[in-house]
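Data block below; observations after.
There are 2 protein chains.
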Amino acid sequence: MGELKIDFDRGQGLIPAIVQDWKTGEVLMVAYMNAASWAKTRETGKACFWSRSRQKLWLKGETSGHLQIVKEVYLDCDNDALLLKVEQIGGAACHTGYRSCFYRRIVNGRTEEVGTRVFDPKEVYGG
Amino acid sequence: MGELKIDFDRGQGLIPAIVQDWKTGEVLMVAYMNAASWAKTRETGKACFWSRSRQKLWLKGETSGHLQIVKEVYLDCDNDALLLKVEQIGGAACHTGYRSCFYRRIVNGRTEEVGTRVFDPKEVYGG
């Protein structure tokens, strides 16, 4: 067992946190954590990020109810990235209703939608 | 098919690129791309990043030979993160010799090594 030191300094206080479905291995999203959001994630067992656009703590799923229950967390070799294996409540991580935020494949300089849409965003967030 | 627009501005010219094994789904690493490294990745079909520490283009595997052959690329909903599905030459993405850079699990505020070591770094990079 080693000492846990997360290097938040290198990215000006933020590190990327990759979120992966704990059962299927599908990469659902990537977001950022600062020390406070990491502390809240540990404390609550639910993924909590730092919203760069809103400049505030962001409990994933607080509006939609689509929380992410953290099953395992891994740290990378440079101590400046996290990998969260989660149970995605509601089945979709993306606010567009797709299971994964990475629902577009890049092909020949264009994008094509290939993901699975799980919900209608209008029903979840209001029209 | 949609127009491809990657938003490099939001992260001061850099976006995170998550690298996943195209067959097993294991998350191997995360690194950063600027517009030039993305162009080089597209052009060559091999993962090329921007090294924040060395402040230069970094063809992954240029020293070790452990190149990453890009099989598919996905773009996230905010246009500011990429997911690369790759064939990892040599079987290991991490300079420590582990298959994945995320070879340590965080348990009770400490880290434990759980990954698979594929090579001895001394043999690959010199002692």
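First to last, the protein sequences are chains A and B. Read in the numbering used here, the first sequence has 66 at position 66, and its numbers run on one by one without any break. Read in the numbering used here, the second sequence has 1012 at position 12, and its numbers run on one by one without any break. Cβ coordinates follow ideal geometry from the N, Cα and C atoms, glycine included. Fair warning: this is a prediction, and the values are worked out from it, not measured in the lab.
Residue pairing by DSSP places Tyr-1032/B opposite Pro-1016/B in a beta bridge. Neighbours of Met-29/A in chain B, taken as residues at a C-beta separation under 9 Å, are given in chain order as Asp-1076, Cys-1077, Ala-1081. The bridge partners DSSP lists for Phe-1049/B are Trp-1058/B. By the Cβ neighbour-count rule, Ala-1031/B is buried, with 16 or more other Cβ atoms within 10 Å of its own.
CA-to-CA, the gap between Val-73/A and Glu-1026/B works out to about 14 Å. When only Cα atoms are considered, Leu-1082/B and Ala-39/A end up about 26 Å apart.
Proximity of the region 1005-1013 of chain B to the region 1080-1094 of chain B meets the contact definition, three or more beta-carbon pairs being nearer than 8 Å. The residues Val-19, Thr-41, Lys-60, Gln-68, Val-70, Leu-84, Val-86, in chain order, have a CB closer than 7 Å to that of Ala-47/A in the same chain once the five nearest residues on each side in sequence are set aside. A distance below 8 Å between beta-carbons, with the five flanking residues on each side excluded, links Trp-1058/B to the following residues of its chain, in chain order: Ala-1031, Ser-1037, Cys-1048, Phe-1049, Trp-1050, Ser-1051. Nearest to His-95/A by alpha-carbon distance, out of Thr-111/A, Arg-105/A, Lys-23/A, Arg-117/A, is Arg-117/A. In this model, Met-1029/B and Pro-16/A are separated by some 11 Å (Cα to Cα).
For Met-1001/B, the chain A residues whose C-beta falls within less than 8 Å of its own C-beta are Val-107, Arg-110, Thr-111, Glu-112, listed in chain order. According to the DSSP assignment, Lys-122/A belongs to the alpha helix (DSSP H) that extends over 121-125. Nearest neighbour of Glu-1003/B by Cα position, chosen from Glu-112/A, Gly-97/A, Met-33/A, turns out to be Glu-112/A. With respect to chain B, the C-beta atom of Leu-14/A has no partner C-beta closer than 7 Å. Going by beta carbons, Tyr-103/A and Gly-115/A fall inside the 7 Å limit.
Residue contact with chain A for Arg-1117/B: absent (no Cβ-Cβ distance below 7 Å to any residue of chain A).
Nearest CB-CB separation between Leu-84/A and chain B: not below the 7 Å threshold. Between Cys-48/A and chain B, the shortest Cβ-Cβ separation is not below 7 Å.
At the C-beta level, Met-1033/B and Arg-110/A stay beyond 7 Å of one another.
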